[in-house]
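According to our numbering, the sequence shown holds residues 288 to 426 in order. Cβ coordinates follow ideal geometry from the N, Cα and C atoms, glycine included. For reference, the structure is listed below as structure tokens.
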Amino acid sequence: NMATIFVYGTLLEGCRNYDRLLKGRVRSIQTAYVKGTLYSLKGVDYPALVDGDSFIRGEQMEGADDVLPLLDELEGYRGENDPMNMYHKVWMDIYDEDRIRRIKLPVYVYNIDRPDQRDALDTIITEQDYRQWLKHRFG
288 NMATIFVYGT
298 LLEGCRNYDR
308 LLKGRVRSIQ
318 TAYVKGTLYS
328 LKGVDYPALV
338 DGDSFIRGEQ
348 MEGADDVLPL
358 LDELEGYRGE
368 NDPMNMYHKV
378 WMDIYDEDRI
388 RRIKLPVYVY
398 NIDRPDQRDA
408 LDTIITEQDY
418 RQWLKHRFG
């Protein structure tokens, strides 16, 4: 079976977890956006999406649904509204390149109700694009 997913961080095409988990398992990739605020996290290279009004660039992918449990594990998702989730899975509007709302998909949203995680928020990624931030930050 096929599944459609939205990603915005290390699962973007060419980034490290895409290469590890999605490469060869995805049959289409297109640029897409979700509304939120993108933060860097202290001491790690992956980002955190939280509530906000900016258009955050990501990718909509279609691939085999057997990747879904792997993504849940990567994102520290234990179950719906589990307070120990690292990221919650939230159905959100996904926008195309013209910022037109196209579809609703589950998006991994950082769980800031966990005090340890709230404390890990570093700075807003003003590029609103993880790939651009990586390039600027790590060259």
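Query: S341 to R405 span [Cα, whole Å]; Result: 20 Å
Query: 8 Å Cβ cutoff met for E384 and T291; Result: no
Query: Rounded C-alpha distance that separates P314 from V294; Result: Per the sequence shown, the amino acid found at residue 314 is Arg instead of Pro. Each residue's Cα considered, the two are about 15 Å apart.
Query: Where Q415 falls: helix, strand or coil (DSSP); Result: coil
Query: Buried or exposed by the 16-neighbour rule on C-beta atoms within 10 Å, applied to P356; Result: exposed
Query: Run of the beta strand (DSSP E) containing R344, from where it starts to where it stops; Result: 334-351
Query: As assigned by DSSP and simplified to three states, the class of Y364; Result: coil
Query: Proximity winner among D338, A407, E346, I412, relative to V396 (alpha-carbon distances); Result: D338
Query: Cβ-based burial, T413 [other Cβ within 10 Å; buried from 16]; Result: exposed
Query: Cβ-based neighbour list, R307, same chain, cut-off 6 Å, excluding 5 preceding and 5 following; Result: none
Query: Residues sharing a beta bridge with T318, DSSP; Result: E346
Query: Rounded separation between G301 and L361 - CA only; Result: 17 Å
Query: Beta carbon of Q347 nearer than 8 Å to that of I387; Result: no
Query: Contact check, L309 vs G345, beta carbons under 8 Å; Result: no
Query: P370 vs D400 beta-carbon contact at 8 Å; Result: yes
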